[in-house]
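J.: Each residue of the sequence shown is one higher than the one before, counting from 16 in our numbering.
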Amino acid sequence: PVADALIDSIVSNITSNLSTLWLSSPNAQFVIWTIPDVTVTPDLWGKSPLQRDNIRAHVQRANQSLRAFGALPSVAVVDVYWSLRRAALHPPVLFGRSLVGPPMSTGYDHIFADELHFTAVTNALTACEIIYEMNSVFSDTIPAYTNRELAELARLPRY
16 PVADALIDSI VSNITSNLST LWLSSPNAQF VIWTIPDVTV TPDLWGKSPL
66 QRDNIRAHVQ RANQSLRAFG ALPSVAVVDV YWSLRRAALH PPVLFGRSLV
116 GPPMSTGYDH IFADELHFTA VTNALTACEI IYEMNSVFSD TIPAYTNREL
166 AELARLPRY
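1) Among the residues of its own chain, which have a CB less than 8 Å from the CB of N162, if the five just before and after it don't count?
2) Does the stretch 146-155 come close enough to the stretch 127-137 to have 3 or more Cβ pairs within less than 8 Å?
3) Suppose only complete runs of 4+ residues qualify. What are the alpha helix (DSSP H) ranges in the stretch 23-101, listed by chain order?
4) Quick check on the DSSP output: the alpha helix (DSSP H) that includes R163 runs from which residue to which?
5) Could you tell me which residues DSSP pairs with L109 in its beta bridges?
6) Contact between the stretch 26-40 and the stretch 52-71: three or more CB pairs below 8 Å?
7) If you draw a straight line from the alpha carbon of G61 to that of P41, how long is it in whole angstroms?
8) As a quick exercise: from A43, S27 and H73, pick the residue whose alpha carbon is nearest that of D19.
9) Out of curiosity, what's the CA-to-CA distance linking W97 and T121?
10) In terms of residue numbering, what span does the alpha helix (DSSP H) encompassing S151 cover?
11) Between the C-alpha atoms of R71 and M119, what's the straight-line distance to the nearest angstrom?
12) I need the straight-line Cα distance from L99 to D52, nearest angstrom please.
13) For A139, which residues of its own chain have a beta-carbon under 8 Å away from its beta-carbon, when the five flanking residues on both sides are left out?
14) Under a Cβ-count criterion, where at least 16 other Cβ atoms within 10 Å of its own Cβ denotes burial, should V17 be classed as buried or exposed?
15) With V4 and F45 assumed to form a contact (beta carbons below 8 Å), what rounded beta-carbon distance in angstroms separates them?
16) What's the call for H105, buried or exposed, on a 16-neighbour Cβ count within 10 Å?
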């Protein structure tokens, strides 16, 4: 019940804030992203499969509501739940070198900087997802990070 109330509150707050912003700026474009799969963080790596499934079910319930905003005009929804889950479980490869996934953390070339937060390179990968969605939905032409820039953020040896 506590988790359900929290999810309901999150969705209600986002809906209310988006409505307020839309009414004050009807020509604005909005980018919303889903809640990441927190079960892939090193902080929650030791949870049982049942606990992880329960957490994911609550997060996905919230994300279902967030994804629905994508049907509205001038709203782009970025599904970071799946992109960050994919990055954590199947780390991207840059110039033949894989980034390091959980439960390891703290390196520049890791997905996580600590038990909960992403590294600069993971944040840049997420920015690329956001840019891609904005370019697709709003017909923008914002350039994304290049693989070379991502490799530099990860402090990979010269490529």
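C-beta: ideal position from N, C-alpha, C; glycine also.
T.: Based on what the coordinates show:
1) The beta carbon of N162 sits closer than 8 Å to the beta carbons of L109 and F110 from its chain, once the five residues preceding and following it are set aside; these are given in chain order.
2) With the cut-off at 8 Å, the stretch 146-155 and the stretch 127-137 do not touch.
3) Runs found: 64-83.
4) Annotation: the continuous alpha helix (DSSP H) that includes R163 extends over N162 to L168.
5) Looking at the DSSP assignment, L109 forms a beta bridge with R112.
6) Judged by Cβ distances under 8 Å, the stretch 26-40 makes no contact with the stretch 52-71, as fewer than three pairs qualify.
7) Between G61 and P41, the C-alpha separation is close to 45 Å.
8) Closest option to D19, Cα to Cα, is H73.
9) Cα to Cα, the separation comes out at about 22 Å.
10) Its alpha helix (DSSP H) spans residues A135 to F153.
11) For R71 and M119, the distance between alpha carbons rounds to 21 Å.
12) Cα to Cα, the separation comes out at about 7 Å.
13) The residues are Y160, E164, L165 and L168.
14) Around the beta carbon of V17, fewer than 16 other beta carbons sit within 10 angstroms, so the residue counts as exposed.
15) Lying outside 16 to 174, the shown extent of the chain, residue 4 is not represented and no answer is given.
16) Around the CB of H105, fewer than 16 other CB atoms lie within 10 Å, so the residue is classed as exposed.
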